[in-house]
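Residue numbers (this note's numbering): -8 to 269.
Positions of the beta carbon are idealized from the N, C-alpha and C atoms, including for glycine.
Here the structure is a predicted model, which is why all the values come from computation and not from measurement.
First up is the structure itself, then whatever we jot down about it.
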């Protein structure tokens, strides 16, 4: 990480000096962009889901070297097994093994940000403590949590500084607003996933876009995806967006969503989209 990238996270904030609040999410389901796409990501956050069937850190290795001020984040914890079911929460020794595998796949001596995926635990203090030990050893720069509740955030903050929370959130997936507010209060980056795909993403559903989103997209001559991202970013200066794509053109379009200026009327229209809890 360059001095610029390191300063962006040194005070617990992943967003204070980001030139764009959109990044790119890598997983086994979305291939890596070509080098020209990575150049557009300079100064952005790149979450890399892995290890395990749900995600793979390998895609971002191919176009290296990537920009020095790119912040690469990984996620550890439960993974999906061969049948697609989630495994039990990882033990502390397994978390270390996952971090070491991320380092090997990415060819790095440290990870910029590692997020602990929460899956059914009431307490994450021990698991987060295991990652905090790796942070103290210099293998990890900064720590975050994912799929977490406000109680988990409080537990994690009692162990070590938390720089980000990755939770499901979007125009039609707003059950995480309490966490959104908690992150704002504590100066923590809120990094929602499924901001574009919304409610249909987890089930793999293909559904028609909401009429409200289409209306705003037509008014600006942009894609519904850009509208969804623009709405998400408008929820606070501490919000980062991490849409996944392997198409360089889509990547650049996604990054441009941060410049889309929605009117108060348009925000109200998008706010009216019906939501269901995840």
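Is the distance from the Cβ of residue i to the Cβ of residue j below 8 Å?
i, j, result
"residue 131", "residue 90", "yes"
"residue 121", "residue 86", "yes"
"residue 93", "residue 102", "yes"
"residue 144", "residue 226", "no"
"residue 232", "residue 183", "yes"
"residue 258", "residue 219", "no"
"residue 185", "residue 166", "no"
"residue 213", "residue 261", "no"
"residue 242", "residue 221", "no"
"residue 152", "residue 187", "no"
"residue 104", "residue 67", "no"
"residue 117", "residue 69", "no"
"residue 156", "residue 174", "yes"
"residue 224", "residue 248", "yes"
"residue 181", "residue 147", "no"
"residue 133", "residue 179", "no"
"residue 244", "residue 217", "yes"
"residue 112", "residue 80", "yes"
"residue 109", "residue 137", "yes"
"residue 270", "residue 78", "Because the chain spans -8 through 269 in this model, residue 270 falls outside it and cannot be assessed."
"residue 264", "residue 211", "no"
Could you pull the DSSP bridge partners for residue i from this structure?
i, result
"residue 108", "137"
"residue 184", "159"
"residue 164", "161"
"residue 222", "DSSP, once it has assigned bridges, lists no residue as partnering residue 222."
"residue 230", "181"
"residue 102", "131"
With DSSP run on the structure shown, which of helix, strand or coil describes residue i?
i, result
"residue 130", "coil"
"residue 264", "coil"
"residue 71", "strand"
"residue 50", "The predicted position of residue 50 is uncertain, since its pLDDT is 42 and thus under 50; a value taken from the coordinates is nonetheless stated next. In this structure, residue 50 counts as helix in the three-state DSSP scheme."
Within 8 Å (strictly less), CB to CB, does residue i reach chain B?
i, result
"residue 154", "The chain inventory of the structure shown lacks chain B, comprising one protein chain alone."
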